[in-house]
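Read left to right, the sequence shown gives residues 7 to 262 (the numbering used here). Where a beta carbon is used, it is the ideal one built from N, C-alpha and C, also for glycine.
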Amino acid sequence: MTLFQPTALDGKVAIVTGASSGLGAHIVEVLANTGATVIAAARRRERLDALAAQNDRIVGHTCDMSDDEQVIHLVDQTVTDHGRVDIVINNAGVTDGPASALDEPMTTVRWVSDVNLHAPFLLAREAAKNMMHTGEGGSIVNIASIHGFVAAAPNNQAAYVASKAAIIGLTKELAGQWARYDIRVNAIAPGYFPSELTQDMMTSDEAGLGYIKKNTYLRRPGELRELDGPVLLLASDAGTYITGQTITVDGGWTIK
Ligand SMILES: NC(=O)c1ccc[n+]([C@@H]2O[C@H](COP(=O)([O-])OP(=O)(O)OC[C@H]3O[C@@H](n4cnc5c(N)ncnc54)[C@H](OP(=O)(O)O)[C@@H]3O)[C@@H](O)[C@H]2O)c1
Numbered sequence: 007m008t009l010f011q012p013t014a015l016d017g018k019v020a021i022v023t024g025a026s027s028g029l030g031a032h033i034v035e036v037l038a039n040t041g042a043t044v045i046a047a048a049r050r051r052e053r054l055d056a057l058a059a060q061n062d063r064i065v066g067h068t069c070d071m072s073d074d075e076q077v078i079h080l081v082d083q084t085v086t087d088h089g090r091v092d093i094v095i096n097n098a099g100v101t102d103g104p105a106s107a108l109d110e111p112m113t114t115v116r117w118v119s120d121v122n123l124h125a126p127f128l129l130a131r132e133a134a135k136n137m138m139h140t141g142e143g144g145s146i147v148n149i150a151s152i153h154g155f156v157a158a159a160p161n162n163q164a165a166y167v168a169s170k171a172a173i174i175g176l177t178k179e180l181a182g183q184w185a186r187y188d189i190r191v192n193a194i195a196p197g198y199f200p201s202e203l204t205q206d207m208m209t210s211d212e213a214g215l216g217y218i219k220k221n222t223y224l225r226r227p228g229e230l231r232e233l234d235g236p237v238l239l240l241a242s243d244a245g246t247y248i249t250g251q252t253i254t255v256d257g258g259w260t261i262k
């Protein structure tokens, strides 16, 4: 199903983090198929090369999001090579789960915060400076989670939940600070979708998939294509009056 004209993002330059698998790899393809030049960032270079081989609008960029210098370089290189940044999809993410909050090491907690919260903050800020410079605004989309709203326990992951709640707050604050530059900052809070992050749950019948089905009103995990509409709405001119919002895409998990 074609949701948007394949030219809807013509001339736009997008950065997508966590592009080597799962949601990120899918979002890269969606944006590129809608006309954007997409800088696909992650650590696993061979995955990025495979993605880039499918579409000449996709460019791989190796980047460890837990390293501030590399995050800053990601924006600098994009501006040098492509002249601008119009769209950022802050998607790279890691989890500490399953782990009990009572005994997980603080190094793990800090690692999750670095990748899920501090890196998106820095990338948004560096990209926003370029958006302010061009004077044409832009769109930043943070991939949060339903677990920014509701607990994950018994699928314990306290650092993950804290980071996702924080990024929903950060989304509102940056939207407020940067609205005057026509920079929109929004988030998407997915429920459960197939990816490396959820692979163990999706393949274990009772404890995993059964748990997801039981807690989702639509009785199934999401399919990656079901994120296309929300991503394109927020990234494109279809969403020019939407800022500071988090769109939940969860088959109804959070409605009760
Ligand atoms: N799948 C779901 O059900 C679900 C639900 C709610 C929210 N989310 C969110 O969606 C986002 C994507 O997750 P996913 O499910 O697609 O998981 P995934 O398949 O495990 O993908 C995670 C991505 O993040 C990248 N990444 C991890 N650490 C990184 C680092 N230090 N530097 C650079 N890149 C790093 C990985 O790339 P490399 O290893 O190659 O660097 C990979 O591309 C995450 O923010 C996650 O919290 C997912």
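Nearest Cα to R226 within the set G235, D55, G216 and A133: G216.
Per the Cβ contact rule, the region 171 to 189 is in contact with the region 148 to 158 (3 or more Cβ pairs under 8 Å).
In this structure R63 is buried. Its beta-carbon is surrounded by 16 or more other beta-carbon atoms within 10 angstroms.
Following the DSSP letters along the chain, one finds I174 inside the alpha helix (DSSP H) bounded by residues A164 to W184.
Judged by DSSP secondary structure, V237 falls within the alpha helix (DSSP H) whose first and last residues are D234 to A241. In this structure, the alpha-carbon of W184 lies about 12 Å from that of N136. In the structure shown, V121 falls within a helical segment according to DSSP collapsed to helix, strand and coil. Contact between M208 and A125 is absent: CB atoms are separated by about 26 Å, not below the 8 Å threshold.
Note: T254 is bridge-paired with A195 in the DSSP secondary-structure output. The beta carbon of I146 sits closer than 6 Å to the beta carbons of V94, A130 and V191 from its chain, once the five residues preceding and following it are set aside; these are given in chain order. Between ligand 1 and F199, a heavy atom-to-CB distance of less than 7 Å is present. In the DSSP assignment, T84 falls outside any beta strand (DSSP E) and lies within the alpha helix (DSSP H) extending over D74 to H88.
In terms of side-chain proximity, the C-beta atom of G24 is found nearer than 7 Å to a non-hydrogen atom of ligand 1. Taking 3 residues as the shortest admissible run, the region 102 to 158 contains the following complete beta strand (DSSP E) segments, listed from N- to C-terminal end: 144 to 149. Listed as beta-bridge partners of T222 by DSSP are no residues whatsoever. Contact between D256 and A195 holds: CB atoms are separated by about 7 Å, below the 8 Å threshold. I21 is a Cβ neighbour of V91, given a cutoff of 8 Å. With a cut-off of 7 Å, the C-beta of N97 is classified as near ligand 1, since at least one heavy atom of the ligand falls inside that distance. With fewer than 16 other beta carbons inside 10 angstroms of its own, K220 counts as exposed. Excluding sequence positions up to five before and after N162, its CB lies within less than 8 Å of the CB of G103, P104, A105, S106 and A107, all in the same chain and listed in chain order.
Nearest Cα to Q60 within the set R231, V44, A150 and C69: V44. The C-beta of H139 has fewer than 16 other C-beta atoms within 10 Å across all chains shown, which makes the residue exposed. Across the set R186, A213 and T222, the C-alpha of T222 shows the shortest separation from the C-alpha of G258. Rounded to the nearest whole angstrom, the C-alpha separation of L203 and G28 is 8 Å.
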